[in-house]
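Colleague: 0 is the number of the first residue of the sequence shown in numbering that gives the first Met the number 0; add one for each residue after it.
Heads up, the beta-carbon is just placed ideally off N, CA and C, and yes, glycines get one too.
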Amino acid sequence: MALTNSQYDAVMRIYSRRQAREARELENRRRDASAHVPELQELDREEGAVGAGMARHALEGKGTREDRERLHAIAQRREDLLLSHGYPADYLRMHYECSDCHDTGYIGAQRCHCLKQAQIDFLYAQSGLREIVKKENFSNFQLDYYPEDMINPSTGLSARETMTYIYNKCRDFADHFDEKDGNLFLYGGTGLGKTFLSHSIAAALLDTAHSVMYYSSADLFDQLAEEKFRPGNFEDAISSSGDLLRESDLLIIDDLGTEMVNSFVLSTLFSILNERMTRKKSIIISTNLTLHNFRDTYSDRIFSRISSGFELLGCYGHDIRFLRQFN
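(1) Are the beta-carbon atoms belonging to isoleucine 119 and leucine 205 less than 9 Å from one another?
(2) Using the DSSP secondary-structure output, state which residues sit across from tyrosine 105 in a beta bridge.
(3) With burial defined as no fewer than 16 other Cβ atoms inside 10 Å of the residue's Cβ, what is the status of asparagine 261: buried or exposed?
(4) Going by DSSP, name the residue or residues bridged to valine 211.
(5) With distances taken from CA atoms, which of Glu147, Gln40, Gln141, Phe184 is nearest arginine 304?
(6) Rounded to the nearest angstrom, what separates phenylalanine 220 and glutamate 178 at their Cα positions?
(7) DSSP has threonine 286 in a bridge; who is on the other side?
(8) Once you ignore the five residues that flank lysine 168 on each side, which residues in its own chain have a CB closer than 8 Å to its CB?
(9) Among the candidates Ala203, Gln109, His291, whose CA atom is the shortest distance from the CA of aspartate 174?
(10) According to the Cβ coordinates, are glutamine 18 and aspartate 102 closer than 9 Å?
(11) Give me the Cβ distance between threonine 286 and aspartate 254, rounded to the nearest whole Å; I'm assuming they're in contact under 8 Å.
(12) Using the three-state DSSP reduction, which class does glutamate 147 fall into: helix, strand or coil?
(13) Please go through the same chain and pick out, in chain order, the residues whose beta-carbon is closer than 7 Å to the beta-carbon of alanine 302, but skip the five residues on each side of it.
(14) What does DSSP give as the partner residue(s) for glutamate 310 in the beta ladder?
(15) Report the CB separation of glycine 192 from methionine 162 in whole angstroms; it is logged as a contact under 8 Å.
(16) Report buried or exposed for alanine 236, applying the criterion of at least 16 other Cβ atoms within 10 angstroms of its Cβ.
(17) Is it buried or exposed, asparagine 51, if we count other Cβ atoms within 10 angstroms and call 16 or more buried?
(18) Report yes if the C-beta distance between threonine 194 and lysine 227 is below 9 Å; otherwise report no.
(19) From the DSSP secondary-structure annotation, give me the bridge partner or partners of serine 281.
(20) Kindly indicate which three-state DSSP category serine 157 falls into: helix, strand or coil?
(21) Starting from the C-beta of aspartate 318, find all residues in its chain whose C-beta is less than 8 Å away, skip the five residues before and the five after it, and write them out in chain order.
(22) Using 8 Å as the cut-off, can you tell me whether the region 65-80 makes contact with the region 95-112, which would need three or more C-beta pairs spanning the two stretches below that distance?
(23) Please state whether the Cβ-Cβ distance between threonine 3 and serine 281 is less than 9 Å.
(24) Mind reading off the beta-carbon distance from histidine 84 to valine 36? Whole number of angstroms is fine, and I expect it under 8 Å.
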């Protein structure tokens, strides 16, 4: 997965600030050491002269082995001076956070391991999910909360069978995210694990450097309404929300149905669905509404988009949040 240009630029600005900070700290160490060890200034001048001669010899096609040996000797004398005055031997060297890429983010043309991790950290911070997914992830999902003797009369399956199937569907969605397009619609009563499973998918994708945007339904439409109707802002609320709402690999809208539904919400939701599905950008929606109530609330047009473009997963069981209060 490639970051958007704005995301990549934001990550690389971290590296630029890091390099600038390290250069400032090295300059401060140089001033400090020179003030206490005046002999270092003479070594700096000698080193500069040797370096200039080395460049000249290289242009003239002459060997530079002797110059390199002199530079090595100067470096050794510098370290000896520092140590004799109580400084670390590397006091006047650049101190990098990553010694492999020297804080450039790249080793040759390849991304350094630190850049890959920085991108994941950035995406986690952008998603706002870092803390919650430490607890709510696939490893911590417990099927024991779903009884085997609780049978869904509409399917004939037990709560355990139903949620095992949905859990596996969600794992498959995350594991094969890059291989196939797809959207999930999780519905059912409160406390059945819909949000937990959405967070689990988000964690799996963030750990592989995919961009995930998570919104509760109320927060999403409040934010878009504020941008839409703010004087002098963009005309289109979807556009004014920035690249991430359109371009993130996964958009999660949680608890759809808890917001106040009006014409703005209906038109905006349809625009989000239409634009992301056209771009083949995945969406997960969760709602406490039944399919019948959802269609009545959000119109046949929106229900048609969801029923034709999403995998519908009806959760079944007891309210886990309620059960946990007594465990």
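Modeller: By the coordinates alone:
(1) yes
(2) Arg110
(3) exposed
(4) For valine 211, which the question treats as bridged, DSSP gives the partners Leu249.
(5) For the residues Glu147, Gln40, Gln141, Phe184, the minimum Cα distance to arginine 304 belongs to Phe184.
(6) Going by the C-alpha atoms only, they are around 31 Å apart.
(7) Under DSSP, the beta-bridge partners assigned to threonine 286 are Tyr186, Leu255.
(8) Residues Leu183, Glu310, Leu312 of the same chain have their beta carbon placed closer than 8 Å to that of lysine 168, with the five preceding and five following residues left out of the count.
(9) Nearest of Ala203, Gln109, His291 to aspartate 174, Cα basis: Ala203.
(10) yes
(11) Between aspartate 254 and threonine 286 the Cβ distance is about 7 Å, and since that is below 8 Å, they are a contact.
(12) The answer is coil: DSSP assigns glutamate 147 none of H, G, I, E or B.
(13) Per the sequence presented here, residue 302 reads as phenylalanine, with alanine not at that position. Taken in chain order, the residues that qualify are Phe293, Arg294.
(14) The partner list for glutamate 310 (beta bridge, DSSP) reads Leu183.
(15) 7 Å
(16) Only weak support exists for where alanine 236 lies, its pLDDT of 48 falling under 50; the coordinates are left without a value.
(17) In the sequence as presented, asparagine is not what sits at residue 51; that position holds alanine. Exposed, since its Cβ has fewer than 16 Cβ neighbours within 10 Å.
(18) Between threonine 194 and lysine 227, the C-beta spacing is not below 9 Å.
(19) DSSP, once it has assigned bridges, lists Leu249 as partnering serine 281.
(20) strand
(21) Apart from the 5 residues on each side of it in sequence, aspartate 318 sits with its Cβ closer than 8 Å to the Cβ of Gly188, Thr189, Gly190, Leu191 in its chain, given in chain order.
(22) They do not touch, by the three-pair rule.
(23) no
(24) Rounded, the Cβ-Cβ distance is 5 Å, consistent with contact.
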